[in-house]
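In this note's numbering, the protein residues as written are 30 to 326. Idealized CB from N, CA, C, for every residue including glycine. Predicted model only: the values in this text are computed from it and were never measured. Step one of this worksheet: look at the structure below.
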Amino acid sequence: RRGLRQVAAVVLGVLAGLALANYIELTWYTLSILVILALMIGRTLRLGTQVNQVATTSLLVYSLGRGYGFERVWDTLLGAGVGIIANAAVAPPTYSDTAAKELADLADDLAQLCRDVAKALSAGTWSAADARKWLDRSRSLFGDSQDTEEVADQAEEAVRYHPRRSSLEAEVNRVDQAAICLSHVAAQLNGLLRGLYDLANGNRGLPATTEVPRALGILLLDVGRALNRFGRLQIPDRNSRQVLEELKVIITAADDHQLSAIEDMLPIGAHAVERWSVHGALLDNARRMLYELDPVA
Numbered sequence: 030r031r032g033l034r035q036v037a038a039v040v041l042g043v044l045a046g047l048a049l050a051n052y053i054e055l056t057w058y059t060l061s062i063l064v065i066l067a068l069m070i071g072r073t074l075r076l077g078t079q080v081n082q083v084a085t086t087s088l089l090v091y092s093l094g095r096g097y098g099f100e101r102v103w104d105t106l107l108g109a110g111v112g113i114i115a116n117a118a119v120a121p122p123t124y125s126d127t128a129a130k131e132l133a134d135l136a137d138d139l140a141q142l143c144r145d146v147a148k149a150l151s152a153g154t155w156s157a158a159d160a161r162k163w164l165d166r167s168r169s170l171f172g173d174s175q176d177t178e179e180v181a182d183q184a185e186e187a188v189r190y191h192p193r194r195s196s197l198e199a200e201v202n203r204v205d206q207a208a209i210c211l212s213h214v215a216a217q218l219n220g221l222l223r224g225l226y227d228l229a230n231g232n233r234g235l236p237a238t239t240e241v242p243r244a245l246g247i248l249l250l251d252v253g254r255a256l257n258r259f260g261r262l263q264i265p266d267r268n269s270r271q272v273l274e275e276l277k278v279i280i281t282a283a284d285d286h287q288l289s290a291i292e293d294m295l296p297i298g299a300h301a302v303e304r305w306s307v308h309g310a311l312l313d314n315a316r317r318m319l320y321e322l323d324p325v326a
């Protein structure tokens with residue numbers, strides 16, 4: 030697919046350069062117009078990472094002439110053909126190790142954020158400014174989770190024609206599922222921290238408050254511990270079986286904490302109805318994260 034995009038980008042660039050070279054004089058502003066038009070064409074045709082090739086090729090053809098354009102098309106076809114043949118004949122990189130390392134790092138970062146929030150909630154020492162910082166960190170990590178999913182997709186694509194596909198497929202599938210799991214966890218943590226931000230700033234018709242039942246902090250601590258074990262499992266070693274059992278124990282203990290949290294987070298008194306909505310969303314996001322990380326579920 031990348032080879033075809035590369036060839037298409039170069040051909041479009043050559044055609045654009047030749048078309049303009051016949052009618053427009055070579056100046057700095059015509060070169061600028063050519064580059065802008067070429068980039069627009071590449072984006073319109075969704076050529077992905079090869080968009081810049083349209084502009085580069087058209088610029089070179091416009092500057093160097095028709096002969097260079099044909100050479101450019103030929104060497105691009107040759108290069109793409111060699112790459113495709115080599116990818117089929119020689120074992121290409123699988124990228125699963127790279128994806129696993131990124132997943133482990135992402136899980137650690139999510140775990141640290143959960144621990145920081147849990148510590149502040151349990152101590153009752155957080156503010157609206159803290160909620161803003163947590164939300165910003167969470168949004169950044171959600172972006173990282175999307176990048177990690179792309180690496181996992183690349184690992185899946187790399188083994189499609191791999192000579193050892195049957196032996197690598199299980200590992201690639203594991204990485205792919207882990208990437209989806211952490212993407213969901215990152216999204217749910219983002220939703221939870223948005224709820225805390227709303228509470229601290231008095232959004233959605235609520236009085237501003239930083240008083241949240243400490244049961245939520247206990248659940249977030251469970252999530253952080255589960256993420257820590259989940260991250261360690263992404264790079265298997267001789268301790269992986271023990272780490273898996275530790276993860277199961279954490280999830281089992283969290284079941285009891287969830288039941289306690291359901292009772293503790295039921296709001297009473299003034300604005301109980303409005304707070305019930307926010308508390309319910311906070312609790313649901315915490316429970317969903319634990320469900321995502323449950324190796325049995």
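Endpoints, alpha helix (DSSP H) assigned at residue i
i	result
L253	In the sequence as displayed, the identity of residue 253 is Gly instead of Leu. Looking at the DSSP string, the run of the alpha helix (DSSP H) that includes G253 is R243 to L262.
E186	A157 to A187
Member of the options whose CA lies at the smallest distance from the CA of residue i
i	options	result
L139	E292, A326, S289 and L250	L250
A147	G253, N257, L312 and L322	G253
Q32	S169, V102, L106 and L89	It should be pointed out that residue 32 corresponds to Gly in this sequence rather than to Gln. Ranking S169, V102, L106 and L89 by Cα distance to G32 puts L106 first.
N1	E275, M318 and A282	The structure shown has nothing for residue 1, since the chain only spans 30 to 326.
Q35	L74, V64, L47 and A184	L74
D323	K277, A181, S289 and G110	K277
K162	A45, N268, A67 and Y226	Y226
Local conformation of residue i per DSSP, three classes
i	result
T56	coil
N232	coil
T127	helix
R75	coil
G96	helix
N268	coil
V40	helix
D323	coil
M69	helix
L218	helix
A237	coil
M294	coil
R304	helix
R30	coil
G309	helix
G344	For residue 344 there is no data in the structure shown, the boundaries of the chain being 30 and 326.
Neighbour-count burial assignment, residue i, 16 or more Cβ in a 10 Å radius
i	result
S61	exposed
Y124	buried
I70	buried
V90	buried
L256	buried
Check: residue i C-beta below 8 angstroms from any heavy atom of the ligand MG
i	result
T281	Summarising the ligand content, the structure contains no ligands, and the ligand MG is consequently not present.
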